[in-house]
Each structure stands twice: as C-alpha cells, then as structure tokens.
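Report on the following structure.
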Amino acid sequence: MKGPWTVASQAEFASSFGRTNYRFKYFDLVLESGGDPIDIIFNYKDLAHLKVVHNTFDIFYSHISEDVQSCVVMQKLFGLNFPLTHMALQLDENRMFFHDSFLNILLTSEVVAEPLPEHRVKVTTTYGIGAPRLLLPLAFPVLKWLLTRNFHVLMEGDAPMRDRRGDLRRWGMRLPRTTYPFQDTLDLRARHVFPSDTVALPEPATIALASVPSGSPLMFGRSDNYGVQIVRRDDAIEVYPRMCPHEGACLDQGAFKERSLSCCWHGRRFGPIFRIELPAQPTEFVGPFHRFIVSPAELRIVPIALNGSTVEADWTATITPRTTMYGERGA
Ligand code: FES
Ligand SMILES: [Fe+2]
2 MKGPWTVASQ
12 AEFASSFGRT
22 NYRFKYFDLV
32 LESGGDPIDI
42 IFNYKDLAHL
52 KVVHNTFDIF
62 YSHISEDVQS
72 CVVMQKLFGL
82 NFPLTHMALQ
92 LDENRMFFHD
102 SFLNILLTSE
112 VVAEPLPEHR
122 VKVTTTYGIG
132 APRLLLPLAF
142 PVLKWLLTRN
152 FHVLMEGDAP
162 MRDRRGDLRR
172 WGMRLPRTTY
182 PFQDTLDLRA
192 RHVFPSDTVA
202 LPEPATIALA
212 SVPSGSPLMF
222 GRSDNYGVQI
232 VRRDDAIEVY
242 PRMCPHEGAC
252 LDQGAFKERS
262 LSCCWHGRRF
272 GPIFRIELPA
282 QPTEFVGPFH
292 RFIVSPAELR
302 IVPIALNGST
312 VEADWTATIT
322 PRTTMYGERG
332 A
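With my numbering applied, the sequence shown covers 2 to 332.
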C-alpha cells in the first residue's frame with residue numbers, strides 16, 4: 002500500500018473483524034442543537050476543550066495531525082483508573098469515526114452531522130460494541146447503559162458550545178473556517194471569530210459608576226463584539242469583553258482571577274480592556290467598536306458601527322485613555 006489509507010466507515014471497520022470471533026451490535030443516539038455541521042466537526046476535533054470543559058479526562062497523546070489523533074485516555078470507572086486506547090478520524094466533511102479498546106472490548110462510534118434550518122444541526126452517533134460472540138449478549142446492555150450515560154455527561158458540556166456557535170451565526174458573526182485540523186485546535190492565540198456589519202449595534206448607555214457592583218459584573222449589550230462587562234475592583238472600575246475571539250465562547254461565566262478573566266472553553270485569559278481609577282477623572286477611551294466617555298460620576302458607552310478599518314479589529318485588546326487609533330468619531 003502506498004501513502005496513507007483510511008477506513009471508509011464504521012461498518013467497513015467492523016466487517017474486517019469477520020475472520021475473528023468478534024461480532025458487533027449497534028445503537029444510535031440523536032441530538033439536535035444549534036450550530037452548523039462544521040461546528041460539530043470542530044467540537045469533536047477540539048483537543049483544547051477536553052481538559053477545560055470535560056475536566057475528568059487525563060489524556061496521553063501519541064499522534065496528532067490534520068484528520069487523525071490517537072491517545073490513551075485514563076478513564077475513571079467506579080473510582081478506579083482504566084487506560085483506554087482511543088483513535089479519532091475525520092472521514093469526510095460531516096463525519097467522524099472513533100474507536101477505543103478496553104480489556105477485550107472494542108467500542109466504535111460514527112458521528113454524522115446534518116444541517117437543519119436556522120443554523121441548527123442534527124447529530125446522529127452510532128455506537129458499535131464489539132466483543133467475542135459469546136460475550137456480546139452479556140456485554141451489550143451494560144456497555145450501552147454506560148455509553149449512554151457517558152454521552153449525556155459529555156453533552157452537558159458540548160451542547161451549550163454548539164448552541165453558542167449557532168447563536169453567533171444567527172447574530173451575523175463571521176466564523177469563516179471550513180476545516181479544523183486537530184493540531185490547530187491547540188493554538189489558543191488564533192482567532193476564528195470576526196464581526197460583520199449585520200451584527201446589531203446596541204443603543205448607547207450611561208452607567209452610574211456608583212451602581213457598578215464589586216461581585217458579579219454589570220453587562221452592556223449582548224455577548225458579541227459590542228458587549229462588555231463592567232466590574233468594580235478595589236479602587237477601580239474595570240471593563241472586560243463578553244466574547245472570546247478564539248472560537249466565540251461567551252465570557253459572561255468566565256472566572257475572574259488576579260485582574261484577568263478566563264474563558265470557560267479553552268482557558269485563554271483576558272486582562273481588562275481598560276481601567277478607571279477611582280475617583281474618576283474626565284477622560285475618554287476609544288476602541289474599535291466603542292467610545293467610552295468617563296466623567297467623575299458616569300461611564301457613557303457609545304457603540305461604533307463596523308467599517309473597513311475595524312473589520313479585523315480585536316475587541317479584547319487593551320485601550321489607553323484618549324486612544325484614537327481608529328480615527329475620530331462622533332457620539
Ligand atoms: S473560545 Fe477558546 S479560549 Fe475562548
Ligand atoms: Fe466535548
């Protein structure tokens with residue numbers, strides 16, 4: 002055989018065991034969520050979210066490339082650690098295939114994502130349980146129960162990510178990627194979400210500085226490039242973004258720690274966009290998407306419409322007082 006070869010489907014893989022005493026039984030689990038099929042492929046190829054969103058896994062990789070990754074997953078079961086060898090392959094645009102071996106059991110799954118209207122998607126996961134012929138009738142119901150339970154636990158973390166990507170697409174955010182190589186998903190500095198001129202411009206707002214709480218932040222706008230969260234810290238007011246530019250996570254539930262906010266999908270950290278020392282002095286901060294006008298008692302936020310020079314601008318970048326790098330704009 003010359004060059005790489007990949008199995009075509011779960012069924013082809015199972016049929017290659019025909020010369021052994023292994024047989025397979027199947028069951029399907031179907032889940033509809035927000036997102037496009039590419040968001041499902043991203044979700045299954047996204048290596049960086051495994052430790053942050055599904056923090057129960059301990060993973061030891063042996064290979065990561067564009068469409069293939071293999072590893073050992075240390076799986077906790079009844080309080081004990083069991084190593085599972087795991088292989089993940091992207092078969093085509095909308096289809097993933099996985100196989101795992103555990104003791105004398107083979108687990109396979111094929112995931113097919115089908116688009117629905119309004120940036121929704123139907124995802125069918127077909128599980129195949131392979132075991133020696135005599136063991137299969139006993140192993141199947143137990144493993145079906147375990148896999149179904151595991152699926153629901155995983156989806157508690159994954160379904161909100163998919164829904165969020167569907168929301169971003171409906172709001173008009175641009176998510177231009179059409180492929181997600183496994184290795185690229187580990188690059189947390191990359192940026193894959195961009196604004197567009199169809200994203201709704203929020204109304205300007207004036208916030209009394211005395212009303213800004215020190216615990217949970219006060220929110221402005223929606224969690225897109227215009228949304229900001231405003232929080233009091235010691236003797237200052239800090240302004241943070243509401244959307245992560247990496248893959249678009251909502252930062253509203255991010256954890257504040259040591260003057261930074263961490264993203265709940267992959268853990269990227271953000272400092273404040275700017276800080277107002279109290280008592281506030283009259284000043285102005287101008288970013289790509291906002292003009293922030295500070296008076297001793299108030300913060301006025303005036304959103305700025307997207308234009309040619311801000312189409313690639315980063316709404317999380319730090320801005321300094323009276324910064325006018327995007328030109329003067331009226332209120
Ligand atoms: S979406 Fe990846 S770090 Fe925020
Ligand atoms: Fe996941």
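Glycine included, every Cβ here is placed at the ideal spot set by N, Cα and C.
- When C-alpha distances from I320 are compared across A191, F275, T7 and A211, the shortest belongs to F275.
- In terms of Cβ geometry, G35 and D168 form a close pair [threshold 8 Å].
- In terms of side-chain proximity, the C-beta atom of V53 is found no nearer than 7 Å to any non-hydrogen atom of ligand 2.
- Within its own chain, the residues whose Cβ lies closer than 8 Å to the Cβ of P214, once the five positions on either side in sequence are excluded, are V232 and R233, listed in chain order.
- One thing to note: T86 has its Cβ no nearer than 8 Å to the Cβ of S110.
- Here DSSP, grouped into helix, strand and coil, assigns G158 to helix.
- A distance below 8 Å separates the beta carbons of T311 and F290.
- With contacts defined by Cβ atoms closer than 8 Å, A237 and E278 form a contacting pair.
- Taking the Cα of L136 as reference, the smallest distance to any Cα among K46, K77, R323 and R24 is reached at R24.
- Just so you know, the alpha carbons of L189 and M174 end up roughly 19 Å apart.
- Judged by their CB atoms, L252 and A160 are not nearer to each other than the 8 Å cut-off.
- Taken in chain order, the unbroken stretches of beta strand (DSSP E) that lie wholly in the stretch 273 to 332 and span 3 residues or more are 275 to 278, 284 to 287, 291 to 295 and 299 to 304.
- Under the 8 Å Cβ criterion, the stretch 143 to 160 does not count as touching the stretch 180 to 187, having fewer than three qualifying pairs.
- A direct Cα-to-Cα measurement between Y45 and E119 gives close to 21 Å.
- In the displayed model, E33 falls within a strand according to three-state DSSP.
- Where H50 is concerned, the enclosing alpha helix (DSSP H) starts and stops at H50 to V54.
- In the three-state DSSP reduction, D185 falls in the helix class (H, G or I).
- Proximity to F271 across S261, E94 and P280 peaks at S261, based on C-alpha coordinates.
- Across the set D235, E259, N308 and D315, the C-alpha of D315 shows the shortest separation from the C-alpha of R243.
- Assigned with DSSP and collapsed to three states, H64 falls in strand.
- Under a 10 Å Cβ-count criterion, W266 is classified as buried, with 16 or more other Cβ atoms of the shown protein chains found around its own Cβ.
- C264 has its CB nearer than 7 Å to a heavy atom of ligand 1.
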